[in-house]
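Line by line, the protein sequences are chains S and C.
124 is the number of the first residue of the first sequence in my numbering; add one for each residue after it.
124 is the number of the first residue of the second sequence in my numbering; add one for each residue after it.
Comments concern the structure below.
2 protein chains.
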Amino acid sequence: MVYNCTKRTIFFISDSTGITVEALGLCLLSHFEGVTMRQVRMPFVDSEQKAREAVEIINATQAKDGVRAILCMTIVNPSIRALFQLTGGMCLDMFGTFVNPLSSELGMPANETIGMSRNVGGSEYRDRIEAINFTLGHDDGISDNGLQEAEAILVGVSRSGKTPASLYMAMQFGIRTANYPIIPEDLERDTLPGTLANHRDKIFGLTIDPERLHKIRTERRPNSRYASLDNCKEEVRMAEVMMHREGINMIDSTSRSVEEISSMIVQQLTMRQNKRLVGY
Amino acid sequence: MVYNCTKRTIFFISDSTGITVEALGLCLLSHFEGVTMRQVRMPFVDSEQKAREAVEIINATQAKDGVRAILCMTIVNPSIRALFQLTGGMCLDMFGTFVNPLSSELGMPANETIGMSRNVGGSEYRDRIEAINFTLGHDDGISDNGLQEAEAILVGVSRSGKTPASLYMAMQFGIRTANYPIIPEDLERDTLPGTLANHRDKIFGLTIDPERLHKIRTERRPNSRYASLDNCKEEVRMAEVMMHREGINMIDSTSRSVEEISSMIVQQLTMRQNKRLVGY
């Protein structure tokens, strides 16, 4: 079944950044086979005046599309939300839908101020910025001090996906993540460098399909030995043998997004913590 | 009104990373004054077996808490969802709530496979990784080639928040973002460096409260002239005068999160694009 969607628009409307509502909206949409729509972001709609301007754009779009739009919304203020309902668009109202049940459950009213930035300057936020700085300072190589301070250490051959994953872990979860690239010399020595060996509990290995690695490396250095399929196969094989023998948890980055890899690592890191929590 | 919440738990349950459901859940919760709960992440719950294990933990937690838990869920498969409803916890079911209305609207059934990683290897995903690499390669200084290739350029005094914002823009939006730190020499010359002046349309300025800057710099280099309040005041003042005169849009990073700063920049970048879209 093919859905004719070339002339339909999905709006991501938020009184804040709109990042969450866009992620959720795209996730919902991804479960409808073959449906792709024109996407329009509308962040920071935090006043009735801005809402009215947004509503005009939505109305004009619906008139041209000839079909009503999908409106994914996280708007706290009910009177601003109401303005969007007047468009006749299909409202997926993430906030309005859940806030009333939650209010009853907690036995207290929700306040209607926009809460996104209230933690800026707070300790959690500062930790996150510090983690980013730490990770930037310990990308592709690492000192002994760095290993001590790191909360997680990613190892893997060059271009196996360590840098994006470690930055995401710092940015999303505030985890100080260092990288250690496994280079051919390490593979020949066939053992973890001495300094790393003392931190096995924080180490996570990334591996990757050699064909994919070959493609990625070829974009960087075409026709090099570094990028050749034979060399990629050999490096990946040796790295996997080494990680397996050293008892390092390995994650295959080939078909996983940065978010998935990071979440898998964080899950493993927090598993003990969760168990302790439950047994408090 | 103070809500006694020291003994209540909120679970973020997902068949994928759980990042979106956690963001939305925390956003909802932030609108209930003074409510903080123990938070437990449960990502990758993608089978009935894993769901049963999760349900056991939830039941044990509820028994100890003496109050039902809040379950924020994005689970695609209805039979896995149903297992969580049996706990008697309060379900905020982000997926189940919206997928049926969307299905009716689109006139097609939703598929129940987990769709998160299907774009890995696709062009959008590759762009994002390339943007991260570009941004890492053009942090704190920039070549002429870099300026050409950049989709956005952040300028501001040292420690005004350029690096986290530019990485977030690359990671979240796939925008190749370069940084240009405004150093005292630039301020004395009182003009944009020649190469930058050709790219005004992509430049965004970050500014920051001098007191806050003083604190941040003091953590890095205590008792230095660089970190002194007088110097911070003077650098910020001169930078603001320069950006104002050069017609550079300025964003104050003092009380804004990385997400907000990035979204504001992206909004300004895409504003023209949106207008073109509507007039198609």
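Cβ atoms here follow ideal geometry from the backbone N, Cα and C, with glycine treated the same way.
| Item | Value |
| --- | --- |
| My guess is that Thr184 of chain S and Pro166 of chain S are in contact by the Cβ rule of under 8 Å, so how many angstroms apart are they, rounded? | With a Cβ gap of about 17 Å, Thr184 of chain S and Pro166 of chain S do not count as contacting. |
| In terms of residue numbering, what span does the alpha helix (DSSP H) encompassing Met319 of chain C cover? | The residue asked about is misnamed: residue 319 of chain C is Leu in this sequence, not Met. Gly317 to Ala320 is the span of the alpha helix (DSSP H), which, as asked, contains Leu319 of chain C. |
| Could you say if the region 246-262 of chain C and the region 216-224 of chain C meet the contact criterion of at least three C-beta pairs nearer than 8 Å? | no |
| Among the residues of its own chain, which have a CB less than 8 Å from the CB of Arg340 of chain C, if the five just before and after it don't count? | Ser281, Arg282, Ser347, Tyr349, Ala350 and Cys355 |
| With Thr314 of chain S and Met373 of chain S assumed to form a contact (beta carbons below 8 Å), what rounded beta-carbon distance in angstroms separates them? | About 17 Å; that fails the 8 Å criterion. |
| Looking at the C-beta of Ala146 of chain S, does it have a partner C-beta in chain C at a distance below 9 Å? | yes |
| Can you check whether the CB of Asn182 of chain S is closer than 9 Å to the CB of Thr143 of chain S? | no |
| Nearest-angstrom Cα distance between Leu152 of chain S and Met217 of chain C? | 13 Å |
| Out of S:Asp188, S:Ala174 and S:Phe135, which one is the CA nearest neighbour of Phe207 of chain S? | S:Ala174 |
| Quick test of your reading: Ala275 of chain S and Met292 of chain S, contact by CB under 8 Å. State the CB separation rounded to the nearest angstrom. | 6 Å |
| Can you tell which of S:Pro201, S:Leu229, S:Val278 and S:Arg299 has the C-alpha that lies nearest to the C-alpha of Phe257 of chain S? | S:Arg299 |
| Quick one: list the residues of chain S neighbouring Glu334 of chain C, beta-carbon separation under 7 Å, in chain order. | Per Cβ cutoff of 7 Å: no residues; Glu334 of chain C is ~11 Å from chain S at best. |
| In whole angstroms, what is the alpha-carbon distance linking Met394 of chain S and Met387 of chain S? | 10 Å |
| If you follow the beta strand (DSSP E) that Arg164 of chain C is in, where does it begin and where does it stop? | Arg161 to Met165 |
| Please report the distance separating the alpha-carbon of Glu171 of chain C from that of Ile384 of chain S. | 22 Å |
| At 8 Å on the CB atoms, spell out the chain B contacts of Phe167 of chain S, in chain order. | The displayed structure is made up of protein chains S and C, and chain B is not among them. |
| Determine the extent of the beta strand (DSSP E) in which Gly148 of chain S is found, giving its start and end residues. | It is not in any beta strand (DSSP E) - Gly148 of chain S instead sits in the alpha helix (DSSP H) that spans Ile142 to Leu152. |
| Give me, in chain order, the residues of the same chain whose beta-carbon lies closer than 8 Å to that of Met366 of chain S; leave out the 5 immediate sequence neighbours on both sides. | Val278, Gly328, Thr330 and Met373 |
| Starting from Ser202 of chain C, trace the beta strand (DSSP E) in both directions and tell me its first and last residue. | No beta strand (DSSP E) holds Ser202 of chain C; the alpha helix (DSSP H) holding it covers Pro201 to Gln208. |
| Any idea what DSSP makes of Ala273 of chain S, helix, strand or coil? | coil |
| DSSP state of Asp375 of chain S, grouped into three classes? | strand |
| Mind pulling the chain S residues with CB within less than 9 Å of Leu225 of chain C? | Leu151, Leu152, His154, Phe155, Ile193, Met213 and Leu215 |
| Is there at least one Cβ from chain S nearer than 9 Å to Asn321 of chain C's Cβ? | no |
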